[in-house]
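In our numbering, the protein residues as written are 97 to 524.
We put the CB at the ideal spot given by N, CA and C, even for glycine.
Notes follow once the structure below has been shown.
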């Protein structure tokens, strides 16, 4: 290494000992770690420009929200009423005002760095999925290392809203105030915990849902009865899904959208596209789970110096020698076109394309005696059908003027993937 870089050997040893190993980028044996791979892949290092950004911590649960921004979008209240509630001017011409329900904060959580990076991983996944729907979405915030500017957080209110979930398993949802998703489950859960001790909030949510409730029940009791009815249905049919929250979330979304389309005589292309994208995300989440459940050493792949030598023939040879269920020629052909860097990212970060994730999941069969991609038959795995769905999503979702997905086709893919995710029930 010293000769290649034109550096003194002792200087290289010093850099390895004082920077690369302490930062977790290299082991004491001289091997590049997973974190080191990520630094190399994203061409980032410790000398990168320091930038200030914002992380958000929920003052009800103490959890970090999976949202990060480089700017702080603020809006000032027009005035504060006698109860201390902010009043905002909605329309300058009409003078119409908005009076949001204000929740006082309860506690300040610890500045847990590990939990913060867990929240960042979810933010990165949510942003990648949102980018598939909206090419004009602002660039994702990137973080390799960070430090807190202050020892404690600054109090603020985050403005969101409640809306009814007409076709889904939950009677009400909380909007994602950052706009990456329609609804934010990570805001809904803290509100559920507050309901028993906050009748005002319960009444506010009940009014937003717009259903008629019995006079014998309080708003909180009535909302809980709705939750129980729906939870029983979900638990009865998909009880296994609670073990993998990511899969459960996408499964619920696909079920909701599929049921809504089935009940409509007239459908909008946006609804069909959304169903296809969520179906794709559901299948993708299964391969991400497989890679967490059955990890594989990234060194099973050629190192970065061999990226230019990666060919379809070499990829095909690797796929055909894997101990996975017998792959069809068509599956091998379609997966062999994957970029080596994308496959490596799937192993290291788990957020590559569906095809790269599938390639990586198949590669993981090397290191595990029992593995669903080994134990299930090719007919049950139906990988060709999953690839058909992925190709349809790439061709027909989110491209103006391109092919359009039909209602029957979108619902057929959804029905198929709903059944497909259940073949792994014995491993969840």
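Asked	Found
Minimum length 3: unbroken beta strand (DSSP E) runs contained in the region 400 to 484	none
Residues bridged to residue 231 (per DSSP)	Paired residue(s): none; residue 231 is not in a bridge.
Residue 252 burial status per 10 Å Cβ neighbour count (16 or more: buried)	exposed
For residue 181 and residue 163, believed in contact at Cβ under 8 Å, the rounded distance	So it is not a contact: roughly 25 Å between Cβ atoms.
Reduced DSSP category for residue 364 - H, G, I as helix; E, B as strand; rest coil	coil
Residue 492 versus residue 471 - alpha carbon distance	33 Å
Per-residue DSSP class, three states only, for residue 515	helix
Three-state secondary structure assigned by DSSP to residue 113	helix
Residue nearest to residue 461 in terms of C-alpha spacing, selected from 388, 217, 187, 254	388
Closest by C-alpha distance to residue 428, when choosing among 439, 475, 240, 479	479
Residue 107 burial status per 10 Å Cβ neighbour count (16 or more: buried)	exposed
Where residue 150 falls: helix, strand or coil (DSSP)	strand
CB of residue 46 within 7 Å of CB of residue 297, strictly	Here the chain comprises residues numbered 97 to 524, so residue 46 is not present and cannot be evaluated.
Residue 142 burial status per 10 Å Cβ neighbour count (16 or more: buried)	Its pLDDT being 44, under 50, residue 142 is placed unreliably by the model, and nothing is read from it.
Run of the alpha helix (DSSP H) containing residue 341, from where it starts to where it stops	341 to 358
Backbone CA spacing between residue 339 and residue 424 [nearest angstrom]	31 Å
Nearest-angstrom Cα separation, counted from residue 295 out to residue 438	50 Å
Proximity of residue 444 and residue 134 at Cβ, strictly below 7 Å	yes
Local conformation of residue 176 per DSSP, three classes	strand
Terminal residues of the alpha helix (DSSP H) in which residue 287 lies	281 to 290
Short Cβ contact (7 Å threshold) for residue 346 with residue 371	no
Residues near residue 501 by beta carbon distance below 6 Å, same chain, minus five either side	368, 372, 492
Whole-number beta carbon distance between residue 130 and residue 122, since they are thought to touch under 8 Å	Going by Cβ atoms, the distance from residue 122 to residue 130 rounds to 11 Å, so no, they are not a contact pair.
Straight-line Cα distance separating residue 411 from residue 451	13 Å
Of the residues 506, 503, 303, 151, the one placed nearest residue 215, counting alpha carbons only	151
Unbroken alpha helix (DSSP H) run spanning residue 301, endpoints	295 to 305
Distance between beta carbons of residue 447 and residue 224, contact taken as under 8 Å	6 Å
Cβ-based neighbour list, residue 416, same chain, cut-off 8 Å, excluding 5 preceding and 5 following	423, 428
Between the CA atoms of residue 419 and residue 406 - distance to the nearest angstrom	21 Å
Distance CB(residue 458)-CB(residue 469) smaller than 7 Å	yes
Start-to-end residues for the beta strand (DSSP E) that takes in residue 270	268 to 270
Three-way DSSP call (helix, strand, coil) for residue 274 in this model	coil
Same chain only: Cβ atoms within 7 Å of residue 546, ignoring 5 sequence neighbours per side	Because residue 546 is not part of the residues shown, which for the chain are 97 to 524, the question remains open.
Unbroken beta strand (DSSP E) run spanning residue 123, endpoints	Here residue 123 belongs to no beta strand (DSSP E), and DSSP marks it neither H nor E.
Between the CA atoms of residue 132 and residue 117 - distance to the nearest angstrom	10 Å
Own chain partners of residue 365 with C-beta closer than 7 Å, once the 5 adjacent residues on each side are dropped	500
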